[in-house]
C-alpha cells in the first residue's frame with residue numbers, strides 16, 4: 001500500500017465489490033490490486049507479507065469460479081422454469097379453444113373465424129349490440145302494451161259486476177266499442193296530434209303529421225322496410241288511449257245511449273286524449289325547459305296518473321253529472337237495489353287490472369336494453385305493488401269504521417285508488433313513499449266517494 005497507484009487500484013476494487021454479484025471486471029481489479037500490494041511489500045521469496053497477499057489472491061480466484069458456476073446454474077433454472085410456464089400456458093389456451101369449439105358445435109376453422117370476427121371487427125360488434133338493444137326494447141314494449149290492453153278485460157269485469165244484471169250486455173258492448181273505435185281513431189288522428197312530428201318540428205298545442213299512419217315506414221333502395229321504432233310506440237300508446245276511453249264508460253253506465261257513447265268515444269280518442277298527451281308526454285307547452293319556459297322541470301307524470309286516469313276520470317265525472325242519476329238511485333230505501341250484483345266479477349276484474357298495471361307502469365320505462373332500465377322497472381313494480389296493497393287495506397278499515405261491516409267492493413276500489421295514485425311517481429320515489437302515497441290515495445278516494453253520494457252524482461263503479 002506504499003504507492004499511490006496501489007491505493008487507487010484498491011479503491012476501485014472496493015467500489016466494484018459493492019455490486020450485488022461479483023463479475024469478471026471486479027475480479028480482475030481485485031487481482032491487480034493484490035499483485036500491486038505484493039510488489040509494494042517486496043518480492044523477496046521469504047517475505048511472509050507477500051506470501052499472505054498471494055494466498056488471498058488464490059482465495060479470491062476460487063470464490064470467483066464459485067460465483068460463475070452459481071450464476072450459470074441460476075440462469076439454466078430460470079430458462080427451464082420459463083419453458084415450463086410457456087408449456088402450461090399453451091395447454092390452457094388449447095383447452096379454452098377446444099371448449100369454445102365444443103360449445104359452438106363447430107369445427108376448428110369455423111371457431112377460429114368466429115374468434116377473429118369477435119375480437120377484430122369492432123364495428124360489426126357495435127352494430128350487433130345496437131340491434132340486440134332495439135330488439136329488447138321492442139319486445140318489452142309489445143309485452144307491456146299487451147298487458148295494458150288486457151286491462152280492458154278487467155274494466156269489463158268490474159263494470160259488469162258493479163251494475164245491475166239487466167244492463168251487463170250493454171256494458172260489455174260499450175267496452176268492445178271502446179277498443180275497436182278507439183283503435184281506428186288513434187290510428188287516423190290521435191297519434192298524429194299527440195306525437196306526429198312534421199317538417200316544422202314540434203308544436204305547442206298539437207302536432208299535424210303522421211295521420212293515418214303516414215310516414216310510419218320507410219324503404220331502402222332494395223324495397224325493404226328499414227327498422228323503425230314508430231310502430232312499437234304507436235302500439236304501446238294505443239293501449240293507453242283505449243284505457244282512458246274505457247274509464248268513462250263506467251261513470252255513465254246504465255244511462256247513456258249506445259250511439260251517443262260511440263260519438264263520445266270518437267271525440268275522446270281522436271282529440272281530447274291526444275291533445276292532453278301532446279301537452280305533456282309529446283313535448284307540448286307543459287313540457288317545460290327552454291322550449292316554452294313554463295318552468296325548468298315541466299310537467300312530470302311517469303306513467304299517467306294525470307294524463308290517462310285523471311283525463312278519463314274527469315270525463316266520467318262530467319258525463320255522470322250531465323246524464324244525471326239512475327231512476328230511483330237516491331230515493332231512500334229504493335237505493336238498495338242498486339248494489340253490485342256480482343262481487344266475484346268485481347274481484348276478478350280488480351285482479352286483472354292489478355296484473356295489467358305492471359305493463360302500464362313498468363312499461364313506461366320505454367325500454368329494457370340496459371341494467372339501469374331493468375333496475376328502474378323493478379323499482380316501479382315494487383312501488384306499484386306496495387301502493388295498491390296499502391290503498392286496499394286502508395279503504396277496508398275506513399269502510400269498517402264507517403259501516404261496521406267489511407266492504408269487498410270498497411276494498412277493490414281502494415286497491416285501484418292506490419294503483420292510480422302511485423302511477424305518476426312510481427319511478428321517482430322510494431318504497432316508503434309509495435306506501436304513504438297509497439294511504440293518501442285511499443283517503444282521497446273515500447272522501448270523493450262520500451262526496452259524490454252527498455251531492456247526488458251517480459257513479460255506478462263508485
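In my numbering, the protein residues as written are 1 to 462.
Note that the Cβ used here is the ideal one computed from N, Cα and C, for glycine as well.
(request) For residue 225, write down the residues that DSSP places opposite it in a beta bridge. (result) Looking up residue 225 in the chain shown gives position 225. DSSP lists 219 as the beta-bridge partner residues of residue 225.
(message) If you reduce the DSSP assignment to three classes, tell me which class residue 455 lands in.
(response) Along the chain shown, one-based indexing puts residue 455 at 455. It is coil, neither helix nor strand.
(message) So, for residue 158: in the same chain, excluding its five sequence neighbours on each side, which residues have a beta-carbon less than 6 Å away from its beta-carbon?
(response) Taking the first residue of the chain shown as position 1, residue 158 is located at position 158. Cβ neighbours of residue 158 beyond the five flanking positions: 346, 349.
(request) For residue 272, count neighbouring C-beta atoms within 10 Å of its own C-beta (all shown protein chains included) and say buried if the count is 16 or more, exposed if not. (result) Counting from one through the chain shown, the residue named residue 272 turns up at place 272. Result: buried.
(message) Would residue 435 and residue 386 be called neighbours here (beta carbons separated by less than 8 Å)?
(response) For this step, residue 435 is matched to residue 435 along the chain shown. For this step, residue 386 is matched to residue 386 along the chain shown. For the 8 Å CB-CB criterion, residue 435 and residue 386 form a contact.
(message) What does the alpha-carbon distance come out to for the pair residue 318 and residue 131?
(response) As a working mapping, residue 318 is identified with position 318 in the chain shown. As a working mapping, residue 131 is identified with position 131 in the chain shown. Approximately 47 Å between the Cα atoms of the pair.
(request) Taking only the alpha-carbon atoms, compute the straight-line gap between residue 285 and residue 194 and give it to the nearest angstrom. (result) Residue 285 sits at position 285 when you count from the first residue of the chain shown. Residue 194 sits at position 194 when you count from the first residue of the chain shown. The straight-line gap from Cα to Cα measures roughly 12 Å.
(request) Please state if the CB of residue 171 and the CB of residue 253 are separated by a distance shorter than 8 Å. (result) Within the chain shown, the letter at position 253 stands for residue 253. Within the chain shown, the letter at position 171 stands for residue 171. Yes, they are a contact pair.
(message) Here's a check: name, in chain order, each residue in its chain whose Cβ is nearer than 8 Å to the Cβ of residue 373, leaving out the five neighbours to either side.
(response) For this step, residue 373 is matched to residue 373 along the chain shown. If we look at residue 373 and ignore the five residues flanking it on each side, its Cβ neighbours are 365, 367.
(message) Please state the DSSP three-state secondary structure of residue 275.
(response) Translated into positions along the chain shown, residue 275 becomes position 275. Helix at residue 275.
(request) Identify every run of the alpha helix (DSSP H) within the region 372-417, keeping only runs that are complete inside it and at least 4 residues long; order them along the chain. (result) none
(request) Taking the CB atoms as reference points, tell me whether residue 388 and residue 438 lie closer together than 8 Å. (result) Taking the chain shown and counting its residues from 1, one reaches residue 388 at position 388. Taking the chain shown and counting its residues from 1, one reaches residue 438 at position 438. A contact, by the Cβ cut-off of 8 Å.
(message) When you compare the region 237-251 with the region 300-312, are there three or more beta-carbon pairs, one atom per stretch, that lie closer than 8 Å?
(response) yes
(message) Distance check for residue 280 and residue 202, CA to CA, integer angstroms please.
(response) Residue numbering aside, residue 202 sits at position 202 when the chain shown is read from its first letter. Residue numbering aside, residue 280 sits at position 280 when the chain shown is read from its first letter. Residue 202 and residue 280: Cα-Cα distance of roughly 12 Å.
(message) Is it buried or exposed, residue 43, if we count other Cβ atoms within 10 angstroms and call 16 or more buried?
(response) Here residue 43 refers to the residue found at position 43 when the chain shown is read from its first residue. With a pLDDT of 49 at residue 43, under the threshold of 50, the modelled position of that residue is not reliable, and the figure given next carries that caveat. Result: exposed.
(message) Tell me the rounded alpha-carbon separation between residue 308 and residue 406.
(response) One-based indexing of the chain shown puts residue 308 at position 308. One-based indexing of the chain shown puts residue 406 at position 406. Taking the straight line from one Cα to the other gives about 30 Å.
(message) Rounded to whole angstroms, what is the Cα-Cα separation between residue 428 and residue 223?
(response) For the purposes of this step, residue 428 is taken as the residue at position 428 of the chain shown. For the purposes of this step, residue 223 is taken as the residue at position 223 of the chain shown. The straight-line gap from Cα to Cα measures roughly 44 Å.
(request) Using the Cα positions of residue 264 and residue 320, report the straight-line distance between them to the nearest angstrom. (result) Taking the chain shown and counting its residues from 1, the one referred to as residue 264 is at position 264. Taking the chain shown and counting its residues from 1, the one referred to as residue 320 is at position 320. So the alpha carbons of these two residues sit roughly 13 Å apart.
(message) Considering only the alpha carbon of each residue, which of 149, 230, 184, 415 lies closest to residue 239?
(response) Position 239 of the chain shown, counting from 1, holds the residue named residue 239. That would be 149, whose Cα lies nearest to the Cα of residue 239.
(request) Leaving aside the five residues before and after residue 377 along the sequence, list all residues of the same chain whose C-beta is less than 7 Å from its C-beta, in chain order. (result) Looking up residue 377 in the chain shown gives position 377. Around residue 377: 362, 365, 368.
(message) Helix, strand or coil for residue 256? Go by DSSP, reduced to three states.
(response) As a working note, residue 256 is residue 256 in the chain shown. In this structure, residue 256 counts as coil in the three-state DSSP scheme.
(request) Give the straight-line distance between the Cα atoms of residue 93 and residue 355, rounded to the nearest whole angstrom. (result) Within the chain shown, numbered from 1, the residue matching residue 93 stands at position 93. Within the chain shown, numbered from 1, the residue matching residue 355 stands at position 355. When rounded, the distance between both Cα atoms is 50 Å.
(message) Closest to residue 491 by C-alpha separation, out of 408, 75, 250, would be which residue?
(response) Nothing about residue 491 can be reported from this structure: the residues present for the chain run from 1 to 462 only.
(request) Mark residue 401 as exposed unless 16 or more other C-beta atoms lie within 10 angstroms of its C-beta, in which case mark it buried. (result) Sequence index remark: in the chain shown, residue 401 carries index 401 (1-based). So residue 401 counts as exposed.
(message) Quick check on the burial criterion: 16 or more other C-beta atoms within 10 angstroms. Buried or exposed for residue 415?
(response) Here residue 415 corresponds to residue number 415 of the chain shown, with the count starting at 1. By the 10 Å Cβ count, residue 415 comes out buried.
(request) Let me know the secondary structure DSSP gives residue 208 once reduced to three states. (result) Here residue 208 is taken as the residue at index 208 of the chain shown, counted from 1. Coil at residue 208, not helix or strand.
(message) Given this structure, state the Cα-to-Cα distance separating residue 192 from residue 125, to the nearest angstrom.
(response) Along the chain shown, one-based indexing puts residue 192 at 192. Along the chain shown, one-based indexing puts residue 125 at 125. Rounded to the nearest angstrom, the two C-alpha atoms are 36 Å apart.
(message) Buried or exposed, going by whether 16 or more other CB atoms sit within 10 Å of the CB of residue 144?
(response) Here residue 144 is taken as the residue at index 144 of the chain shown, counted from 1. By the neighbour-count rule (16 or more Cβ atoms within 10 Å), residue 144 is buried.
(message) Less than 8 Å between the beta carbons of residue 358 and residue 339, yes or no?
(response) Along the chain shown, one-based indexing puts residue 358 at 358. Along the chain shown, one-based indexing puts residue 339 at 339. Not closer than 8 Å, so no.
(request) Tell me where the alpha helix (DSSP H) around residue 362 begins and ends. (result) Sequence index remark: in the chain shown, residue 362 carries index 362 (1-based). Residue 362 -> alpha helix (DSSP H) spans 343-362.
(message) Taking the alpha helix (DSSP H) that residue 176 belongs to, which residues open and close that run?
(response) For the purposes of this step, residue 176 is taken as the residue at position 176 of the chain shown. Element bounds for residue 176: 168-185.
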